[in-house]
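Peer 1:
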Amino acid sequence: MKNLIAFFEIPAVDFKRAVDFYETVFDLQLAVFECEHEKMACFIEDGQTVGAVAWAPEFKPSAGGVLVHFRCNNIEEAIRRVRKKGGDVVIPKTRIEAECGGYFAVCTDSEGNRFGVYKEK
Numbered sequence: 183m184k185n186l187i188a189f190f191e192i193p194a195v196d197f198k199r200a201v202d203f204y205e206t207v208f209d210l211q212l213a214v215f216e217c218e219h220e221k222m223a224c225f226i227e228d229g230q231t232v233g234a235v236a237w238a239p240e241f242k243p244s245a246g247g248v249l250v251h252f253r254c255n256n257i258e259e260a261i262r263r264v265r266k267k268g269g270d271v272v273i274p275k276t277r278i279e280a281e282c283g284g285y286f287a288v289c290t291d292s293e294g295n296r297f298g299v300y301k302e303k
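Just so we're on the same page, the numbering used here is the position in the sequence shown counted from 1, plus 182.
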């Protein structure tokens, strides 16, 4: 198995606001697709869609659901952008004590979903 994670979706109530949030925080452009009953802004890695900000009438953001961690180059800069775009920090930058090391922080996005940012050593 190449990667255990096949795909993730981050639910949004305000699709444009959520897309702007993730594009700003991670300084990237999401590929946006709008269908009749669903909208998706896809995270693309090595030519493959790995996840998306998604809107559909039944999708509801949650602060207590699955926690996805995104790699980033600079956690402090990501946190600054999170706050600038209306998100918040739930767990500040924290050193991972396990052998693999690195740092993480947990934030909330513009829709109220929790997500993490991760930086290797």
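Quick reminder that beta carbons are idealized off the backbone N, C-alpha and C, glycines included.
Assuming Glu220 and Ala200 are in contact, meaning their beta carbons sit under 8 Å apart, how far apart are those beta carbons, in whole angstroms?
Peer 2: Numbered from its first residue, the sequence shown carries residue 220 at position 38. Numbered from its first residue, the sequence shown carries residue 200 at position 18. About 14 Å separates the two Cβ atoms, so there is no contact after all.
Peer 1: Can you round the beta-carbon distance between Val248 and Cys289 to whole angstroms, since I take them to be within the 8 Å contact cut?
Peer 2: Reading the sequence shown from its first residue, position 66 is the one you call residue 248. Reading the sequence shown from its first residue, position 107 is the one you call residue 289. With a Cβ gap of about 15 Å, Val248 and Cys289 do not count as contacting.
Peer 1: How far does the alpha helix (DSSP H) with Glu259 in it reach, from first residue to last?
Peer 2: The sequence position of residue 259 within the sequence shown is 77, counting from 1. Counting along the chain, the alpha helix (DSSP H) containing Glu259 begins and ends at 257-266.
Peer 1: Below 8 Å on the Cβ atoms is my contact criterion, and I expect Arg253 with Tyr300 to pass it. Report the Cβ-Cβ distance as a whole number of Å.
Peer 2: Translated into the one-based positions of the sequence shown, residue 253 becomes position 71. Translated into the one-based positions of the sequence shown, residue 300 becomes position 118. Right, their Cβ atoms sit about 6 Å apart.
Peer 1: Just how far apart, CA to CA, sit Gly268 and Gly283?
Peer 2: As a first step, residue 268 must be located in the sequence shown, where it is residue number 86. As a first step, residue 283 must be located in the sequence shown, where it is residue number 101. Approximately 29 Å between the Cα atoms of the pair.
Peer 1: According to DSSP, simplified to helix, strand and coil, what is Lys190?
Peer 2: Here residue 190 refers to the residue found at position 8 when the sequence shown is read from its first residue. Residue identity differs from the one stated: residue 190 is Phe in this sequence, not Lys. Reduced to three states, the DSSP call for Phe190 is strand.
Peer 1: Counting only runs that start and end within the stretch 196-234, where is the alpha helix (DSSP H) found for 4 or more residues in a row?
Peer 2: Whole alpha helix (DSSP H) segments, 4+ residues: 197-207.
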